[in-house]
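To keep things clear, I will list the structure first and then write my remarks on it.
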Amino acid sequence: MSNIKLDTKNIILLLPVFNEGKSIYDLLLNVKKYLNHKVKVIIVDDKSTDDSLDWIKKFILKENSLDIEIIYHQQNQGLGGALNSGLKYCLDNLNFDILVTMDGDNTHDPSLISLMVKEIESGKDIVVASRYRQGALVEGIPKFRMFLSLAARICYSIAWNFHGIRDYTCLYRAYSISVLEKTFESRNHTHLNEKGFLASTELLRLVFKSSKNVTEIPIIINYSNKLQPSSMKIFKTIFKTLKVLIFKFD
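Residue 6 is where the sequence shown starts when you use my numbering, and the numbers rise one by one after that.
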């Protein structure tokens with residue numbers, strides 16, 4: 006693998022956004038603080054009904070330092086739809102070496118991207134920011150949500166047991182261009198079937214089938230930075246998770 010540096014501008018940050026309000030503005034400020042011009046940001050707005058787009062446009066007008074493109078959905082398609090749109094656009098139109106996915110609600114710490122890039126540079130194809138590695142810092146999460154995340158981790162570990170992976174559901178990951186191309190070329194350029202939050206897990210399963218060259222780093226995550234209520238439908242997600250564990254993805 007070629008020696009990839011942060012200043013080569015071939016790193017894509019893909020941000021799915023739905024009703025994040027000011028949190029997306031705060032996240033972009035943090036991206037600017039830690040990375041500035043060193044990444045290209047692709048935002049997929051999944052038909053937000055709040056002021057998320059206003060905050061994004063305010064950042065672009067006021068800060069004017071990040072290379073940002075916005076993909077607009079005409080109807081809400083869920084996380085899977087947002088990831089599909091972003092992945093397809095990046096793979097079809099952009100020249101890059103690394104793609105990073107993260108939540109658009111400012112709960113993930115962009116300072117970790119440089120470490121993720123170094124792992125890809127060293128030869129890894131997939132880097133997962135994990136809540137279950139020594140040194141991980143998770144703050145502000147409701148206890149019930151923490152319990153569900155831990156239960157999901159245990160269930161996925163038993164059912165799938167992907168070597169080197171403990172966190173199956175966190176979206177904060179980095180992928181090499183080679184693993185993404187291999188994954189989606191083998192699927193005849195179709196992408197994700199899941200529309201909801203399980204799309205994150207489906208994406209991990211697909212790329213892991215293409216490459217077992219994966220590592221995890223401890224995540225820094227602060228749920229108190231999320232200013233808007235979560236759009237996750239908890240019981241629907243639980244039901245879908247159980248279905249996936251039994252029947253796997255379509």
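The C-beta atom is built at its ideal place from N, Cα and C for all residues, glycine as well.
Exercise. Would Leu155 be called buried (16 or more neighbouring beta carbons within 10 Å of its own) or exposed?
Worked result: exposed
For this session: State the DSSP-derived secondary structure class of Asn8, mapped to helix, strand or coil.
Result: Bear in mind that a pLDDT of 45 at Asn8, under 50, signals an unreliable position, so the model cannot answer this.
For this session: Determine the extent of the beta strand (DSSP E) in which Leu50 is found, giving its start and end residues.
Result: For the record, residue 50 in the displayed sequence is Asp; it is not Leu. Per DSSP, Asp50 belongs to the beta strand (DSSP E) from 45-50.
Problem set entry | First through last residue of the alpha helix (DSSP H) which encompasses Leu32 | 27-39
Exercise. What number of angstroms, rounded off, separates the C-alpha of Ala204 from the C-alpha of Lys129?
Worked result: 22 Å
For this session: Report the rounded CA-to-CA distance for Val46 versus Phe149, giving the unit in angstroms.
Result: 32 Å
Exercise. When we look at the beta-carbon of Pro147 and count the other beta-carbons within 10 Å, is it buried (16 or more) or exposed?
Worked result: exposed
Exercise. Secondary structure at Leu142, three-state DSSP: helix, strand or coil?
Worked result: strand
For this session: Could you check the C-alpha separation between Gln80 and Ile170 for me, to the nearest Å?
Result: 34 Å
Problem set entry | Proximity of Ile131 and Val219 at Cβ, strictly below 7 Å | yes
For this session: Locate the alpha helix (DSSP H) running through Ile16, then write down its first and last residues.
Result: First-last for Ile16: 16-22, but that is the beta strand (DSSP E), not the alpha helix (DSSP H).
For this session: Tell me, to the nearest whole angstrom, how far the beta carbon of His113 is from that of Ile226; I am working on the premise that it is less than 8 Å.
Result: 6 Å
Exercise. DSSP three-state call for Ile170: helix, strand or coil?
Worked result: coil
For this session: Since I believe Ser127 is in contact with Pro223 (beta carbons under 8 Å), could you give me their beta-carbon distance rounded to a whole number of angstroms?
Result: With a Cβ gap of about 17 Å, Pro223 and Ser127 do not count as contacting.
Exercise. Leu208: which of Gly85, Leu96, Leu66 sits nearest, CA to CA?
Worked result: Gly85
For this session: Return the Cβ separation of Ser215 and Lys187 in integer angstroms, given the expectation that the two are a contact with Cβ distance under 8 Å.
Result: 4 Å
For this session: Grab me the residues of Ala87's own chain with a C-beta within less than 6 Å of its C-beta, minus the 5 sequence neighbours each way, in chain order.
Result: Pro21, Val49, Asp51
Problem set entry | Residues near Gln139 by beta carbon distance below 8 Å, same chain, minus five either side | Pro223
Problem set entry | Check whether Leu176 and Asp110 have beta carbons under 7 Å apart | no
Exercise. Got a sec? Which residues, its chain only, sit under 8 Å from Tyr39 by beta carbon, not counting five neighbours each side?
Worked result: Pro115, Ser116, Ile118, Ser119
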